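Peer 1:
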Amino acid sequence: MVFESLDSLRQSGLRSLFALLGIAVGCAAVTALLNIGHSAANEATDTFKRLGTNTLVVSFSPLSGSVGPSAVAPDWKALTVELTEIEYVAPVVMHSARIRHAGRDTDVSIVGTTQDLAPVMGLRADRGRLLSDFDRCSTYVVVGAGVARGLALELGSRLQVAGYLLEVIGILANQPFNPLLPVDVDESVFLPIEGIRRMRPAPGIGNVIVQAHDTADLAQTASTLKRYLDHASRGYQVDVQVPRQLLEALSRQANTFAYLLAGVGGIALLVGGVGVMNVMLMGVRERRREIGVRMALGARASDIRNLFLAEAAGLCLSGSTLGAIGGLLFAYAFVCFSGWTFRLSPVSLPLGISSSLAIGLFFGWYPALLAARLRPVQALRDD
377 MVFESLDSLR
387 QSGLRSLFAL
397 LGIAVGCAAV
407 TALLNIGHSA
417 ANEATDTFKR
427 LGTNTLVVSF
437 SPLSGSVGPS
447 AVAPDWKALT
457 VELTEIEYVA
467 PVVMHSARIR
477 HAGRDTDVSI
487 VGTTQDLAPV
497 MGLRADRGRL
507 LSDFDRCSTY
517 VVVGAGVARG
527 LALELGSRLQ
537 VAGYLLEVIG
547 ILANQPFNPL
557 LPVDVDESVF
567 LPIEGIRRMR
577 PAPGIGNVIV
587 QAHDTADLAQ
597 TASTLKRYLD
607 HASRGYQVDV
617 QVPRQLLEAL
627 SRQANTFAYL
637 LAGVGGIALL
647 VGGVGVMNVM
657 LMGVRERRRE
667 IGVRMALGAR
677 ASDIRNLFLA
687 EAAGLCLSGS
697 TLGAIGGLLF
707 AYAFVCFSGW
717 TFRLSPVSLP
727 LGISSSLAIG
737 LFFGWYPALL
747 AARLRPVQAL
757 RDD
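Counting in the working numbering, the sequence shown runs from 377 upward without gaps.
1. Do Arg505 and Ala549 have their C-beta atoms within less than 7 Å of each other?
2. Whole angstroms are fine: how far does the CA of Ala405 sit from the CA of Val711?
3. Can you tell me the Cα-Cα spacing of Arg512 and Val616, whole angstroms?
4. Find the nearest neighbour of Ala747 within the set Ser724, Met653 and Pro726, judged by alpha-carbon distance.
5. Quick one: using the 10 Å Cβ neighbour count with 16 as the cut-off for buried, is Arg681 buried or exposed?
6. Does the beta-carbon distance from Ala417 to Ser721 come in below 7 Å?
7. Kindly indicate if chain C contains any beta-carbon less than 7 Å away from that of Ala644.
8. Which partner residues does Tyr464 have in the DSSP bridge list?
9. Go through its chain and collect everything with a Cβ distance to Thr600's Cβ below 8 Å, but skip five positions before and after it.
10. Can you give me the start and stop residues for the beta strand (DSSP E) that Gly488 sits inside?
11. For Glu808, which residues does DSSP report across the bridge?
12. Any chance you could list the beta strand (DSSP E) runs of at least 3 consecutive residues sitting entirely within the stretch 635-718, in chain order?
13. Less than 7 Å separating the beta-carbons of Val559 and Val487?
14. In the structure shown, what three-state DSSP assignment does Ser730 receive?
15. Taking the alpha helix (DSSP H) that Gly571 falls in, what are its first and last residues?
16. Among the residues of its own chain, which have a CB less than 6 Å from the CB of Glu695, if the five just before and after it don't count?
17. Could you have a look at Ser508 and say whether DSSP puts it in helix, strand or coil?
18. Ala598: buried (16+ other C-beta within 10 angstroms of its C-beta) or exposed?
19. Measure the C-alpha to C-alpha separation of Val660 and Arg670 and round it to an integer number of angstroms.
20. Hey, Leu622 and Leu556 are a contact pair by Cβ (cut 8 Å); roughly how many whole angstroms apart?
21. Reducing DSSP to helix, strand and coil, say where Leu499 ends up.
22. Between the Cα of Glu762 and the Cα atoms of Val517, Leu705 and Phe738, which residue gives the shortest distance?
23. Provide the residue span of the alpha helix (DSSP H) that contains Asp615, from first to last.
24. Which value, in whole angstroms, describes the spacing of the CA atoms of Leu733 and Gly641?
25. Tell me which same chain residues have a C-beta within less than 6 Å of the C-beta of Lys602, skipping the five on either side of it?
26. Counting Cβ pairs closer than 8 Å, one from the stretch 604-612 and one from the stretch 476-495, do we hit at least three?
27. Leaving out five residues on either side along the sequence, give the residues of the same chain with a beta carbon under 6 Å from the beta carbon of Ala677.
28. In chain order, what residues of the same chain lie with their CB nearer than 7 Å to the CB of Ala408, ignoring the 5 residues before and after it?
29. Considering Cα atoms alone, identify which of Glu563, Met656, Arg474 and Ser731 is closest to Ile643.
30. Beta-carbon within less than 6 Å of Tyr516's beta-carbon, same chain only, minus the 5 sequence neighbours each way: which residues are those?
31. For Phe553, tell me which candidate among Leu683, Ile572, Arg751 and Glu419 has the shortest Cα-Cα distance.
32. Just grab the DSSP bridge partners of Phe553 for me.
33. Verify whether the separation of the beta carbon atoms of Ala524 and Asp562 is less than 7 Å.
34. If we ignore side chains and look at the alpha-carbon of each, how far apart do Arg665 and Phe394 end up?
35. With the cut-off set at 7 Å, would you say Gly649 and Ile735 are in Cβ contact?
36. Under the rule that 16 or more other beta-carbon atoms within 10 Å means buried, what is Thr591, buried or exposed?
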C-alpha cells in the first residue's frame, strides 16, 4: 500500500509538488520560529548568568530643583555594614572624554569607581592588574580591551585625558557588552573615583552596582536598599533594578512570542492542508475507474480509504521532513547572524512534523471517505 500511494503521488505531478511545498513552508515556519524563540530566551538567560544571580543596579536621577545625580553620596563601605545581605558595592561615575596617546585620539567612557567593581562585574586583567583601594590618590588607570586595541596601548603607556597624564597599569580581557549594566567594559577607561573628581569639580554618582550574598532574598534586599538610599540621597529619585526579574520576564515574553509566531506558521500549515485536500479530491475524481476495479477485485471500503489516507500522510510526511530541515537551517543562520548561540528547541521537530502529519490526515480524511463510499458499478461506468 505504501509503494502504491507513493506511485500515485508521483503520477499527480505538479499538483503533489505544490501541495508538498505548502506543507514544507508551514512546517519550516513552525520549526524555525520555535528555535529562534528558544535561542533568544536562552541568550537572555546566559546574559543573566554572566551578570550573576545576585546583582542589583541602582540608578539616581535628580528631582525638580536638584542640580545633578547624587552629588552627596553615602558612605558606600558603611553600606555593607548597615545592610549585611550586601557583599559588594561599586559606585560608578561616568562621563565621555577624548583621550590621546602617541598622536592618536579617540572618544571613550571614563569610569570612576572602586575596587569592588571587579568582583561585581567579573572583570579580569589580561595584562597587568586591576585597581585597588591603594590607588585612590594615584594617576593609574585600567583600560578595556577595545580601547587598548584602538590606541595600541601597553602596560606603562601614558594617556592624556583632560590635561592629565594617566598611566596604564592593567588591560582587561575581552568582555561582551551586557545591556543590563551601565558600563561597556571593552570601550571604557577605569580609574579610582577620587581621580575623576580631580577632572570634574563635582562628579555625580549616576549608578551603583551591588552584589548581594548568595543566600539573600533579592526582592527584599532591593526594597531595603531603596529605603536606605532614599534616606541618604534626599532630592534624588532612586531606582533599584533586579536584572534577574527583568530577564525572567524577557524570557517569558520571548517564549510567548515564539509560540505566537509558531501559530502563524500553523496557519501556513492549514493552507498547505487545503492544498493536500485539493490533490486528494482531484485524485478521487480522476481515479474512479481504478477505484471501481479495485473494489470489483475484492478491495474493501476500508482498503480504499486507507490507500488515500496513506497518500495524504506520505505527502505531508515528505513535506514536513523537508520543512523541518529548511526551518532548522534558517533558524541556525538567523541565530548566528544575530550573534547568539544556537539552541535546538526540544519540541520544535516533534511538534513541526507531528502537526504536519495531523494536518495531512485531517484534510485527507474527507477525500478518502468519498473514495471509500463509491459504488463499484457506478465507478466502472465512468469514462
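Where a beta carbon is used, it is the ideal one built from N, C-alpha and C, also for glycine. Owing to the predicted nature of the structure, the values given are computational and were not obtained by experimental measurement.
Peer 2: Considering the structure as presented:
1. Here residue 505 refers to the residue found at position 129 when the sequence shown is read from its first residue. Here residue 549 refers to the residue found at position 173 when the sequence shown is read from its first residue. No.
2. Start at 1 with the first residue of the sequence shown, and residue 711 comes out as number 335. Start at 1 with the first residue of the sequence shown, and residue 405 comes out as number 29. Taking the straight line from one Cα to the other gives about 15 Å.
3. Stepping through the sequence shown from its first residue, residue 512 is reached at position 136. Stepping through the sequence shown from its first residue, residue 616 is reached at position 240. About 27 Å.
4. Looking up residue 747 in the sequence shown gives position 371. With distances taken between Cα atoms, Ala747 lies closest to Met653.
5. Taking the first residue of the sequence shown as position 1, residue 681 is located at position 305. So Arg681 counts as buried.
6. For the purposes of this step, residue 417 is taken as residue 41 along the sequence shown, with counting starting at 1. For the purposes of this step, residue 721 is taken as residue 345 along the sequence shown, with counting starting at 1. Going by C-beta atoms, Ala417 is not nearer than 7 Å to Ser721.
7. Although the question refers to chain C, the structure presented lacks it and comprises just one protein chain.
8. For the purposes of this step, residue 464 is identified with residue 88 of the sequence shown, where counting begins at 1. According to DSSP, which records beta bridges pairwise, Tyr464 is partnered with Gln587.
9. Within the sequence shown, residue 600 is the residue found at index 224, counting from 1. Closer than 8 Å at the Cβ level, and outside the excluded window around Thr600, lie Leu459 and Glu461.
10. The residue labelled residue 488 in the question sits at position 112 within the sequence shown. Its beta strand (DSSP E) spans residues Arg480 to Thr489.
11. Absent from the structure is residue 808, since the part of the chain shown begins at 377 and ends at 759.
12. none
13. The count along the sequence shown starts at 1 and reaches residue 559 at position 183. The count along the sequence shown starts at 1 and reaches residue 487 at position 111. Contact flag set, yes.
14. Translated into positions along the sequence shown, residue 730 becomes position 354. Ser730 falls in the helix class under three-state DSSP.
15. Residue mapping note: residue 571 aligns to position 195 of the sequence shown, counting from 1. Counting along the chain, the alpha helix (DSSP H) containing Gly571 begins and ends at Ile569 to Met575.
16. In the sequence shown, residue 695 corresponds to position 319, counting from 1. Note that residue 695 corresponds to Gly in the displayed sequence, not to Glu. Excluding sequence neighbours, Gly695 sits near Leu396, Ile399 and Ala400.
17. What you label residue 508 is simply residue 132 of the sequence shown in a count that begins at 1. Note: Ser508 maps to coil in three-state DSSP.
18. Residue 598 sits at position 222 when you count from the first residue of the sequence shown. It is buried - the Cβ of Ala598 has at least 16 other Cβ atoms within 10 Å.
19. Residue 660 sits at position 284 when you count from the first residue of the sequence shown. Residue 670 sits at position 294 when you count from the first residue of the sequence shown. So the two alpha carbons sit approximately 13 Å from each other.
20. For the purposes of this step, residue 622 is taken as the residue at position 246 of the sequence shown. For the purposes of this step, residue 556 is taken as the residue at position 180 of the sequence shown. 7 Å between Cβ atoms; contact.
21. On the sequence shown, residue 499 is found 123 positions in, with the first residue counted as 1. The answer is coil: DSSP assigns Leu499 none of H, G, I, E or B.
22. Coverage of the chain is limited to positions 377 through 759, which leaves residue 762 absent and any answer about it impossible.
23. Here residue 615 is taken as the residue at index 239 of the sequence shown, counted from 1. That residue, Asp615, is in no alpha helix (DSSP H); its beta strand (DSSP E) goes Tyr612 to Gln617.
24. Working through the sequence shown from its first residue, we reach residue 733 at position 357. Working through the sequence shown from its first residue, we reach residue 641 at position 265. C-alpha separation (whole angstroms): 14 Å.
25. By one-based count along the sequence shown, residue 602 stands at place 226. Within the same chain, Lys602 has close Cβ partners Val614 and Val616.
26. no
27. What you label residue 677 is simply residue 301 of the sequence shown in a count that begins at 1. Answer for Ala677: Ala748, listed in chain order.
28. What you label residue 408 is simply residue 32 of the sequence shown in a count that begins at 1. Closer than 7 Å at Cβ, skipping near neighbours: Gly703, Phe706 and Ala707.
29. Counted from its first residue, the sequence shown places residue 643 at position 267. The candidate whose alpha carbon is nearest that of Ile643 is Ser731.
30. Counting from one through the sequence shown, the residue named residue 516 turns up at place 140. Result list for Tyr516: Glu543 and Ile545, in chain order.
31. The sequence position of residue 553 within the sequence shown is 177, counting from 1. When each option's Cα is compared against that of Phe553, the closest is Glu419.
32. Stepping through the sequence shown from its first residue, residue 553 is reached at position 177. Phe553 pairs with nothing; no bridge assigned.
33. The residue labelled residue 524 in the question sits at position 148 within the sequence shown. The residue labelled residue 562 in the question sits at position 186 within the sequence shown. Contact: no.
34. Along the sequence shown, read from residue 1 onward, the residue named residue 665 stands at position 289. Along the sequence shown, read from residue 1 onward, the residue named residue 394 stands at position 18. So the two alpha carbons sit approximately 25 Å from each other.
35. In the sequence shown, counting from the first residue as 1, residue 649 sits at position 273. In the sequence shown, counting from the first residue as 1, residue 735 sits at position 359. Yes.
36. By one-based count along the sequence shown, residue 591 stands at place 215. Under this definition Thr591 is an exposed residue.
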